[in-house]
Structure formats: structure tokens, C-alpha cells
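Student: The numbers in numbering that gives the first Met the number 0 rise by one with no breaks, and the one at position 146 of the sequence shown is 145. Even glycine gets a Cβ: it sits at the ideal position worked out from N, Cα and C. Please read these numbers as outputs of a predicted model, since none were measured by experiment. Handing you this structure, nothing more for now.
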Amino acid sequence: MRCDAAENVYTEIRVKRSELLADLRSLAYAEADKESDESHAKHQLMDICEDGNVERVTRKLNLAASELKEKLYPYTKKPIEEGMTGKSDYVEPEEYVFEMKVPNTMSVTTLEHVTLLIHEYMTAKVMEDSMMRLYPGYAVKWQAAGEKVIQAIGAAINRRLRPMKRKLSVF
């Protein structure tokens, strides 16, 4: 859909890091609790968001946020300014912010739905990474969950932003 500048609005999606970490603690505990052994991997998974492990989790959250901004590129794009550089510095943002310019036909419900999907994707990516290291057999489940969420994000954004055209019928 092509929109003139007057038809676009600026909006933000904000996902709190603390809420992501809380969900990850719950998910990791539930996954580890399924295991009957008392291995080191089980304890590592249960302690996914504790000191020593949370840095890796944060880097994966940062990467997932970056992937999502790329996925939402038509709405999140920003021009590069002269002198800008990319950095891989470790940062722990309080919130992941997705600044978007969307057509004014986008509904609040779509924005809320996409926000929840973004949260779900970010947790799935961290769980996938953790499972690849600790329980490789379960990583596929989390990878599939992430891919399913990405498809749902694309469907939600595209479904709501295009005007519906009805075919003319002689009947």
C-alpha cells in the first residue's frame, strides 16, 4: 500500500526487558523441570537469568530486537546519517523500543497484537539459544515457535494495512 506522508502516523511499541526476563525465568524453569536428571545443564537452564547467564540472554534479546526491526523495515526504517557507526557494545536496555511510521488505517488492536507477538518472538529466540547449548534436541521446538511468530507478525501487519478491495459482481 502506498501512503502519502499525511496518511502516516508515528507510533512506538515498547517491550520491557524486566517482563521478558520474568517470562524467560518461568519458561526455563518449566523446561528444566521436565527433565528427570539432576545434570548441570538442568541447573544452568533454571538459572538462565541469573548473574553469569543474563549477559548472554541480554545479547540474544538485543539480537532478536534487531531482527524484528529488520522484519518491520517498511515501518521502522530510518535513513543513515553521515558519521553513524554500528557498535556491538553490551547494553541492557530497560525497554526495547520499536519506533514505527504506519498508515493511519492501522488499528490499536493490531498494534497491541503485534506488541504481544514481539514479546513472544524475543522469548522464543532466547529459549532456542539456551536449548541449543543445553538440550539440543529441544532447540528445534523453540526455533519453530519463533518462525511461527514471525509469520504471525507479518500477517498481522500486512492484513491490517492494506485496503480491502471487493470484486464487482453482476449478481
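Assign A64 to one of three DSSP states: helix, strand, or coil.
Tutor: By one-based count along the sequence shown, residue 64 stands at place 65. If DSSP states are grouped into helix, strand and coil, A64 belongs with the helices.
Student: Would you identify the three-state DSSP class for V96, choosing helix, strand or coil?
Tutor: One-based indexing of the sequence shown puts residue 96 at position 97. Note: V96 maps to strand in three-state DSSP.
Student: Under 8 Å between the Cβ atoms of R13 and E94?
Tutor: As a working mapping, residue 13 is identified with position 14 in the sequence shown. As a working mapping, residue 94 is identified with position 95 in the sequence shown. In this structure, E94 lies closer than 8 Å to R13 by Cβ.
Student: What distance in whole Å lies between the Cβ atoms of C48 and L26, which are believed to be in contact at a cut-off of 8 Å?
Tutor: For this step, residue 26 is matched to residue 27 along the sequence shown. For this step, residue 48 is matched to residue 49 along the sequence shown. No, L26 and C48 are not in contact; Cβ-Cβ is about 10 Å, not under 8 Å.
Student: Using 8 Å as the threshold, is the C-beta distance between L116 and V148 below it?
Tutor: Along the sequence shown, one-based indexing puts residue 116 at 117. Along the sequence shown, one-based indexing puts residue 148 at 149. A contact, by the Cβ cut-off of 8 Å.
Student: Can you give the beta carbon distance from L178 to E66, rounded, assuming they're within the 8 Å contact cut?
Tutor: Residue 178 falls outside the range modelled here, since the chain spans only 0 to 170, and no answer is possible.
Student: Is it a yes or a no for the segment 94–108 touching the segment 125–135, going by three-plus beta-carbon pairs under 8 Å?
Tutor: No, the segment 94–108 does not touch the segment 125–135.
Student: Along the beta strand (DSSP E) that carries T10, what are the first and last residues, could you check?
Tutor: Position 11 of the sequence shown holds residue 10. Counting along the chain, the beta strand (DSSP E) containing T10 begins and ends at N7 to K15.
Student: E127 lies in the alpha helix (DSSP H); which residues open and close that run?
Tutor: Looking up residue 127 in the sequence shown gives position 128. It spans V107 to L133 - the alpha helix (DSSP H) in which E127 sits, taken as one unbroken run.
Student: Please classify K59: is it buried, with 16 or more other beta-carbons within 10 angstroms of its beta-carbon, or exposed?
Tutor: On the sequence shown, position 60 is the one that residue 59 refers to. Buried.
Student: Taking DSSP as the reference, what is the three-state secondary structure of V101?
Tutor: Within the sequence shown, residue 101 is the residue found at index 102, counting from 1. In this structure, V101 counts as strand in the three-state DSSP scheme.
Student: Quick check on Y74: buried or exposed, where buried means 16 or more other Cβ atoms within 10 Å of its Cβ?
Tutor: Locating residue 74 in the sequence shown gives position 75, where the first residue counts as 1. Flag for Y74 reads buried.
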